[in-house]
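Take a look at the structure below.
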Amino acid sequence: MLDYHVHSSYSCDSQTTAEEYLIAAEAFGVEEVCFTDHIDRHFPLPGIHHVDTDFALREAHFSALSYPGKTRFKCGIEIGLFPKASVYTESKRIVERFGFDFVIASVHVVGEMDDPYSPEYFEKRSRREGYADYLKRVYDCIREYADFDAVGHIFCPARACPFEDRDFRLSDAPELIDAIFKLLISRGQTLEINTQDFWHAIDINNYVAAYKRFKELGGEFCTVGTDSHGMNRFGRLLGNGYELARAAGLKYIAGYEARKPVLHKL
Ligand SMILES: [Zn+2]
Ligand SMILES: [Zn+2]
4 MLDYHVHSSY
14 SCDSQTTAEE
24 YLIAAEAFGV
34 EEVCFTDHID
44 RHFPLPGIHH
54 VDTDFALREA
64 HFSALSYPGK
74 TRFKCGIEIG
84 LFPKASVYTE
94 SKRIVERFGF
104 DFVIASVHVV
114 GEMDDPYSPE
124 YFEKRSRREG
134 YADYLKRVYD
144 CIREYADFDA
154 VGHIFCPARA
164 CPFEDRDFRL
174 SDAPELIDAI
184 FKLLISRGQT
194 LEINTQDFWH
204 AIDINNYVAA
214 YKRFKELGGE
224 FCTVGTDSHG
234 MNRFGRLLGN
244 GYELARAAGL
254 KYIAGYEARK
264 PVLHKL
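For what it's worth, our numbering labels the leading residue of the sequence shown as 4, then goes sequentially.
Dropping the structure here:
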C-alpha cells in the first residue's frame, strides 16, 4: 500500500521524523510513503505556524536520508490555499523551486478565519452549509491555483462535525462536487482518499457515492493518505481507504514521481 499524506517533523504540528515513519512502515504493510509537510502562505488561525517551514533544510535532510529497509519514500508538500493572489504566487514559487514528487492542494481556512476542523465551525452552519461552504472555498481556490496533483481532504469538515447525522451526502452540494471533479479530471489531476475524513463516518457508503461520482465523470485514480501527524494515525485505516476505492469502482491508486502519476492497479 501507498500512504501519500504524511507529516514529518518539518510540519509544525508533527514531532515524528521521516526515519521513524519509515521504520514503522513495514509492520503496517506500507510500501511507499510520501511526506507532505505543510506550507500555508496565509494562515490566520492562532497557535499554528504552517507558514514557517524551512524547505531548504528539509530538502537537504531528505536527500541525505538513507534508509536501509524496503519502504520507498517520496518528497511531497501540502499547500494550504487561501483566495489571495500572493498566496498563489508564493505557493507556485515554492513548488517550482524545490521540485517535489507530489503536491497536495488543501483548504484549511473558510471565510476569513473559520476553522473547518473545529466543532465551532458548525455553530453558525447546518451540516449541509458546513460542507457546501468548504467545497465552495476549495473550488474557488483550485480554479485560480492549478500547480498541484491532488486536492486534499475535501470532506474534512466531517472530522469535527458535532451533529449525529454528520456524514457528507452528495445531495449536500451536487453542483460543487461536479464542478470540482470536472476541473480535476480535465487537468489530469485527482483527489485523495483521506482516511482521517472517514474515521468517524456513520455510513461509509455516503463517501463511496462521492468517489463513484468521480469515476462516472471520467476519473480513474485517486491517491490514499492517512494525514498522519504522528505514529497514532500512521498505517491505520489505510486498508479501508483502498477498500473505499475498490467499492467506488476506481481502477488505480496513484503514486507520484517528479509530479507524474505512477498508477498501481487495484
Ligand atoms: Zn490539510
Ligand atoms: Zn495534512
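We put the beta carbon where it would ideally sit given N, CA and C, even for glycine. Predicted, not measured: the structure shown is a model, and the values here were computed from it.
Query, Result
"Measuring only the C-alpha atoms, how far is E246 from L5?", "13 Å"
"S94: which of L60, I145, K139 sits nearest, CA to CA?", "I145"
"What residues come near ligand 1, if near means a beta carbon less than 6 Å from any of its heavy atoms?", "E81, S109, H111, G155, H156"
"Taking the DSSP output, what are the residues bridged to S109?", "G83"
"Under three-state DSSP, which class holds L138?", "helix"
"Can you find the residues in the same chain that come closer than 7 Å, C-beta to C-beta, to A135, ignoring five residues on each side of it along the sequence?", "D175, A176, L179"
"Determine the direct distance from the alpha carbon of Y255 to that of A261, and round the result to whole angstroms.", "19 Å"
"Do the segment 69–76 and the segment 117–126 make contact, defined as three or more Cβ pairs closer than 8 Å?", "no"
"Can you tell me the Cα-Cα spacing of H53 and I97, whole angstroms?", "14 Å"
"Return no unless some Cβ of chain B is closer than 9 Å to the Cβ of G155.", "Reference to chain B is not applicable here, since this structure consists of a single protein chain."
"For a test of your reading of the model: does the CB of I107 fall under 8 Å from any non-hydrogen atom of ligand 2? Yes or no.", "yes"
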